[in-house]
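To keep things clear, I will list the structure first and then write my remarks on it.
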Ligand code: ZN
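Numbering (our numbering), first residue to last: 179 to 398.
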């Protein structure tokens, strides 16, 4: 794939930043696309921009505030309190309904216009937050749908799909961006970069993975 171009759906968080550098290794040319969809932690787009600039990657930002208002969720609704513990039966209220469906559809149309057929997304089924649109079956199904709908051959790449959070940290380390991911990304739903607020679901997942990886790393 070294002679081809890729578009990374890029939020500026741990996962998509790791994907950005993975794509830089795997493809000849990389472009990044971020969305402002009404998220309370919209600062993530500024972090995304700074990282893309550092990586020498062309960065596009699109405004799609509609996504945040379509389905009720605590990432875009300022009056709603965030679920901090994983519910047992249903997905948490931090799930933005349709987010990856729209993001990947928009990214595919955009990529197609640019003559790019590889799309990279940081979704993972292993250590995920209970979001149905992070699962492999959804991505594979959407890939088929996109190609039917656009009459094209877009390929959705999910390098983190089967990695847990500790393995995602290991991948960042292997790519030489462990410190950058640790200090300069914004994963926290409360908009605090690096280690974050520590208690939102995104911070909890990130920290557990980091602690597990550091234990393995220190033994080496
Ligand atoms: Zn947080």
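The beta-carbon is built from N, C-alpha and C at its ideal position, and this holds for glycine as well.
Given a cut-off of 8 Å, decide if residue j and residue i are closer than it, judged by their beta-carbon atoms.
| i | j | result |
| --- | --- | --- |
| residue 373 | residue 225 | no |
| residue 298 | residue 184 | yes |
| residue 364 | residue 190 | yes |
| residue 288 | residue 213 | no |
| residue 211 | residue 285 | yes |
| residue 217 | residue 253 | yes |
| residue 205 | residue 222 | no |
| residue 347 | residue 376 | no |
| residue 313 | residue 215 | no |
Take residue i as the anchor and find which of the options has the nearest alpha-carbon.
| i | options | result |
| --- | --- | --- |
| residue 323 | 283, 278, 259 | 283 |
| residue 337 | 200, 222, 181, 383 | 200 |
| residue 308 | 347, 293, 261, 233 | 261 |
| residue 368 | 345, 255, 398, 239 | 255 |
| residue 344 | 274, 315, 384 | 384 |
| residue 188 | 181, 235, 180, 203 | 235 |
| residue 228 | 195, 259, 269, 263 | 195 |
| residue 220 | 231, 232, 239 | 239 |
| residue 379 | 237, 393, 243, 270 | 270 |
| residue 231 | 292, 358, 386 | 358 |
| residue 329 | 290, 392, 355 | 290 |
| residue 331 | 293, 366, 263 | 293 |
| residue 242 | 382, 318, 274, 314 | 274 |
| residue 339 | 382, 395, 304 | 304 |
| residue 382 | 371, 370, 366 | 366 |
Under a Cβ-count criterion, where at least 16 other Cβ atoms within 10 Å of its own Cβ denotes burial, should residue i be classed as buried or exposed?
| i | result |
| --- | --- |
| residue 246 | buried |
| residue 320 | buried |
| residue 180 | exposed |
| residue 317 | buried |
Measure the beta-carbon distance from residue i to residue j and round it to whole angstroms, keeping in mind my assumption that it falls under 8 Å.
| i | j | result |
| --- | --- | --- |
| residue 279 | residue 311 | 6 Å |
| residue 333 | residue 390 | Going by Cβ atoms, the distance from residue 333 to residue 390 rounds to 31 Å, so no, they are not a contact pair. |
| residue 203 | residue 353 | 6 Å |
On the DSSP bridge assignment, give the partners of residue i in chain order.
| i | result |
| --- | --- |
| residue 212 | 239 |
| residue 335 | 298 |
| residue 186 | 210, 298 |
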